[in-house]
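Since the structure comes first, as structure tokens, the remarks are kept for the end.
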Amino acid sequence: MGDLKPPRFVLRIVAAFSRHDEALEWGKSALISQWGPIALESPHFDLVETNYYDNEMGPGLKKCFWAFAELADSSLLADWKLQSNDLEVECQQLGRWPESRPLNLDPGYITEAKLVLATTKDRSHRIYLRDGIFAEVTLQYHQKRWTGAQWTYPDYQRADFQAFFDECRGYLRQQLRQNPA
0 MGDLKPPRFV
10 LRIVAAFSRH
20 DEALEWGKSA
30 LISQWGPIAL
40 ESPHFDLVET
50 NYYDNEMGPG
60 LKKCFWAFAE
70 LADSSLLADW
80 KLQSNDLEVE
90 CQQLGRWPES
100 RPLNLDPGYI
110 TEAKLVLATT
120 KDRSHRIYLR
130 DGIFAEVTLQ
140 YHQKRWTGAQ
150 WTYPDYQRAD
160 FQAFFDECRG
170 YLRQQLRQNP
180 A
């Protein structure tokens, strides 16, 4: 049996998308109130790789990422997804936007070796956590670059997304050096 080690802290991130800047701002504010300040924020990218969400969210989606300043215990990933799902419902119930789903929030985390996302959708490569939540290694960091797998969504393979993930990884490494577990 291997030695049991305390949890390794990770950089919590959220991928958020909407066609409404106000909905994105609402989601960011709601998450800050639950998880604390944001350390890094990406630009709003045009989400052009898919039209999968158009029926419920409308066309012209913008996607951005938020990385939270305080490192977190990765074993809480299912909790983060359940919280973000609740916030999506709360945002929809505000009735400010015509879409049935004005905001999508996908939490995950970055380690020095990977980017992991939480999802409610089961697939062969996803690991069940609890309460209907699965985890997926979306990208791995190998030979000084991010690489995807056959299941990695095309947008996560974009250079501009990965440049932001590089910033996140650098922030994580700095935090771990300053506060080793």
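In numbering that gives the first Met the number 0, the protein residues as written are 0 to 180. Using N, Cα and C, we set each Cβ at its ideal position, and we do this for glycine too.
- Annotated three-state conformation of TYR170 is helix, per DSSP.
- The C-alpha of LEU46 is placed about 35 Å away from the C-alpha of ARG176.
- Classified as exposed, HIS124 has fewer than 16 neighbouring CB atoms from the shown chains inside 10 Å of its CB.
- In terms of CA proximity to GLN149, LEU138 leads the group LEU138, ILE109, ASP159.
- Taking the C-beta atoms as reference points, LEU70 is found no nearer than 8 Å to ARG18.
- Rounded to whole angstroms, TRP34 and GLN92 show a C-alpha spacing of 22 Å.
- Secondary structure note for LYS27: its alpha helix (DSSP H) is the uninterrupted segment 20-34.
- Counting only runs of 4+ residues, the alpha helix (DSSP H) found wholly inside the stretch 56-113 occupies 76-92, in chain order.
- Taking a contact to require three or more Cβ pairs closer than 8 Å, the stretch 104-123 and the stretch 35-42 do not qualify as touching.
- The beta-carbon distance between PRO106 and SER83, rounded to whole angstroms, is 5 Å. This is short enough to meet the 8 Å contact definition.
- Annotation for ALA134: LEU76, VAL115, ALA117, ARG125, ILE126, LEU128 place their beta carbon closer than 7 Å to its own, counting only its chain and skipping 5 residues before and after.
- By alpha-carbon distance to ALA22, the top candidate from ALA68, PRO153, TYR152, GLU98 is GLU98.
- For GLU48, no beta strand (DSSP E) run applies, since DSSP gives it neither H nor E.
- For ARG7, there is no enclosing beta strand (DSSP E), as DSSP marks it with neither H nor E.
- Residue pairing by DSSP places SER17 opposite LYS61 in a beta bridge.
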